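> Shown below is the structure under consideration.
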Amino acid sequence: MKYMLMVLGKQADYDAMGGAANSDSPAWSEADLKAMFDYMGALNDDLAESGEWVDGQGLADPRHARLVTAAPDGSPVISDGPYGEAKEVLAGYWIVDVADFDRAAEIAARAYACPVPAGAPNYPVVVHPVDSRSGGTEVC
(Lines of atoms letter the chains of each structure in order from A; the text may use other names.)
(Lines give C-alpha, C1' and ligand atoms only; values in the text may rest on other atoms or scores of the structure.)
Protein backbone atom coordinates (compact mmCIF):
# COMPACT_ATOMS: atom_id res chain seq x y z
CA MET A 1 0.00 0.00 0.00
CA LYS A 2 1.23 3.49 -0.79
CA TYR A 3 1.42 6.27 1.77
CA MET A 4 2.42 9.90 1.56
CA LEU A 5 4.56 11.01 4.49
CA MET A 6 4.49 14.78 4.82
CA VAL A 7 6.90 17.02 6.71
CA LEU A 8 5.50 20.40 7.73
CA GLY A 9 7.22 23.71 8.26
CA LYS A 10 6.85 27.48 8.26
CA GLN A 11 8.60 30.23 6.35
CA ALA A 12 10.34 31.12 9.62
CA ASP A 13 11.90 27.64 9.64
CA TYR A 14 13.33 28.13 6.16
CA ASP A 15 14.64 31.54 7.23
CA ALA A 16 16.34 29.94 10.26
CA MET A 17 17.90 27.26 8.02
CA GLY A 18 19.23 30.15 5.96
CA GLY A 19 20.93 31.61 9.04
CA ALA A 20 18.29 34.10 10.25
CA ALA A 21 17.24 33.41 13.84
CA ASN A 22 13.68 34.35 14.72
CA SER A 23 11.17 33.93 17.53
CA ASP A 24 10.34 30.40 16.33
CA SER A 25 13.84 29.03 15.83
CA PRO A 26 17.53 29.71 16.32
CA ALA A 27 19.71 30.20 13.25
CA TRP A 28 20.92 26.90 11.83
CA SER A 29 24.67 26.42 11.40
CA GLU A 30 26.33 24.68 8.46
CA ALA A 31 26.86 21.70 10.79
CA ASP A 32 23.13 21.65 11.63
CA LEU A 33 22.22 21.64 7.94
CA LYS A 34 24.77 18.93 7.16
CA ALA A 35 23.42 16.75 9.98
CA MET A 36 19.87 17.14 8.63
CA PHE A 37 20.83 16.45 5.01
CA ASP A 38 23.01 13.47 5.98
CA TYR A 39 20.23 12.01 8.11
CA MET A 40 17.57 12.43 5.44
CA GLY A 41 19.95 11.14 2.75
CA ALA A 42 20.53 7.97 4.78
CA LEU A 43 16.77 7.52 5.25
CA ASN A 44 16.19 7.94 1.51
CA ASP A 45 19.00 5.49 0.69
CA ASP A 46 17.55 2.89 3.08
CA LEU A 47 14.08 3.24 1.56
CA ALA A 48 15.49 2.89 -1.97
CA GLU A 49 17.53 -0.17 -0.95
CA SER A 50 14.48 -1.83 0.67
CA GLY A 51 12.35 -1.16 -2.43
CA GLU A 52 9.89 1.00 -0.46
CA TRP A 53 10.89 4.32 -2.08
CA VAL A 54 8.52 5.69 -4.72
CA ASP A 55 9.35 9.40 -4.58
CA GLY A 56 10.38 12.10 -2.16
CA GLN A 57 11.38 15.73 -2.30
CA GLY A 58 12.07 18.70 -0.09
CA LEU A 59 10.14 21.75 -1.23
CA ALA A 60 11.34 25.32 -1.78
CA ASP A 61 10.55 28.11 0.68
CA PRO A 62 6.80 28.70 1.12
CA ARG A 63 7.31 32.28 -0.12
CA HIS A 64 7.77 30.75 -3.60
CA ALA A 65 4.44 28.89 -3.51
CA ARG A 66 1.35 30.32 -5.16
CA LEU A 67 -2.34 29.56 -4.90
CA VAL A 68 -4.16 29.05 -8.18
CA THR A 69 -7.90 29.27 -8.68
CA ALA A 70 -9.91 29.89 -11.83
CA ALA A 71 -11.82 32.92 -13.05
CA PRO A 72 -15.34 32.37 -14.41
CA ASP A 73 -13.85 32.05 -17.91
CA GLY A 74 -11.50 29.31 -16.70
CA SER A 75 -8.33 31.40 -16.86
CA PRO A 76 -5.91 30.98 -13.94
CA VAL A 77 -6.04 33.43 -11.04
CA ILE A 78 -2.71 33.36 -9.21
CA SER A 79 -2.09 34.80 -5.76
CA ASP A 80 0.59 34.64 -3.12
CA GLY A 81 -1.99 33.06 -0.90
CA PRO A 82 -2.57 33.06 2.82
CA TYR A 83 0.91 31.81 3.73
CA GLY A 84 1.28 33.87 6.88
CA GLU A 85 4.39 33.51 8.99
CA ALA A 86 2.54 31.35 11.52
CA LYS A 87 0.94 28.97 9.04
CA GLU A 88 2.41 25.49 8.61
CA VAL A 89 2.82 24.33 5.04
CA LEU A 90 4.12 21.24 3.30
CA ALA A 91 7.92 21.36 3.45
CA GLY A 92 8.71 17.95 1.94
CA TYR A 93 7.31 14.51 1.34
CA TRP A 94 7.94 10.87 0.60
CA ILE A 95 5.72 8.46 -1.26
CA VAL A 96 6.44 4.97 0.04
CA ASP A 97 5.05 1.60 -0.97
CA VAL A 98 4.96 -0.51 2.18
CA ALA A 99 3.13 -3.52 3.60
CA ASP A 100 0.90 -1.60 6.00
CA PHE A 101 0.32 1.51 8.09
CA ASP A 102 2.61 0.25 10.84
CA ARG A 103 5.58 0.26 8.47
CA ALA A 104 4.65 3.75 7.20
CA ALA A 105 4.49 4.92 10.82
CA GLU A 106 7.96 3.44 11.50
CA ILE A 107 9.37 5.43 8.59
CA ALA A 108 7.54 8.58 9.74
CA ALA A 109 8.96 8.17 13.25
CA ARG A 110 12.45 7.87 11.77
CA ALA A 111 11.88 11.04 9.72
CA TYR A 112 10.62 12.83 12.83
CA ALA A 113 13.83 11.89 14.65
CA CYS A 114 15.89 13.97 12.19
CA PRO A 115 18.30 16.17 14.14
CA VAL A 116 17.41 19.85 14.53
CA PRO A 117 19.20 22.53 16.56
CA ALA A 118 18.17 22.94 20.20
CA GLY A 119 15.15 25.22 20.34
CA ALA A 120 14.08 24.59 16.73
CA PRO A 121 10.55 23.30 16.20
CA ASN A 122 10.04 19.66 15.27
CA TYR A 123 6.67 19.12 13.61
CA PRO A 124 4.84 15.79 13.44
CA VAL A 125 5.07 13.83 10.20
CA VAL A 126 1.66 13.37 8.57
CA VAL A 127 1.00 9.83 7.27
CA HIS A 128 -1.75 9.72 4.66
CA PRO A 129 -2.77 6.69 2.58
CA VAL A 130 -2.73 7.20 -1.18
CA ASP A 131 -6.19 6.44 -2.55
CA SER A 132 -5.75 3.43 -4.82
CA ARG A 133 -9.25 3.78 -6.30
CA SER A 134 -8.12 6.47 -8.72
CA GLY A 135 -5.04 4.56 -9.84
CA GLY A 136 -2.96 7.50 -8.66
CA THR A 137 -3.86 9.65 -11.64
CA GLU A 138 -6.80 11.78 -10.49
CA VAL A 139 -6.47 14.82 -8.29
CA CYS A 140 -10.11 15.87 -8.03
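Sequential numbering from 1 applies to the sequence shown in full-length UniProt numbering.
Just so you know, even glycine gets a beta-carbon here, dropped at the ideal spot from N, CA and C.
Computed from a predicted model, the values in this text were never measured in an experiment.
Determine the extent of the beta strand (DSSP E) in which residue 4 is found, giving its start and end residues.
Residue 4 -> beta strand (DSSP E) spans 2-9.
> Check this for me: beta carbons of residue 95 and residue 56, under 8 Å apart or not?
yes
> Shortest alpha-carbon distance to residue 60 belongs to which of 25, 12, 35 and 105?
12
> Between the segment 94-111 and the segment 18-25, are three or more C-beta pairs nearer than 8 Å?
no
> From 92, 2, 127 and 122, pick the residue whose C-alpha is nearest to that of residue 108; which is it?
127
> What did DSSP end up calling residue 59 once you bin it into helix, strand or coil?
coil
> If the criterion is Cβ atoms closer than 8 Å, does the pair residue 5 and residue 111 meet it?
yes
> Can you check which of these residues, 63, 72 and 114, is closest to residue 14 by C-alpha distance?
63
> Look at the alpha carbon of residue 105 and the alpha carbon of residue 10, and state the distance between them as a whole number of angstroms.
23 Å
> Name the two residues that bound the continuous alpha helix (DSSP H) containing residue 93.
It is not in any alpha helix (DSSP H) - residue 93 instead sits in the beta strand (DSSP E) that spans 89-97.
> Residue 41 and residue 91: beta carbons closer than 8 Å?
Going by C-beta atoms, residue 41 is not nearer than 8 Å to residue 91.
> State the start and end residues of the unbroken beta strand (DSSP E) segment that holds residue 79.
76-79
> If I'm right that residue 116 touches residue 122 with Cβ under 8 Å, what's the distance once you round it to whole angstroms?
5 Å
> Rounded to whole angstroms, what is the Cα-Cα separation between residue 66 and residue 87?
14 Å
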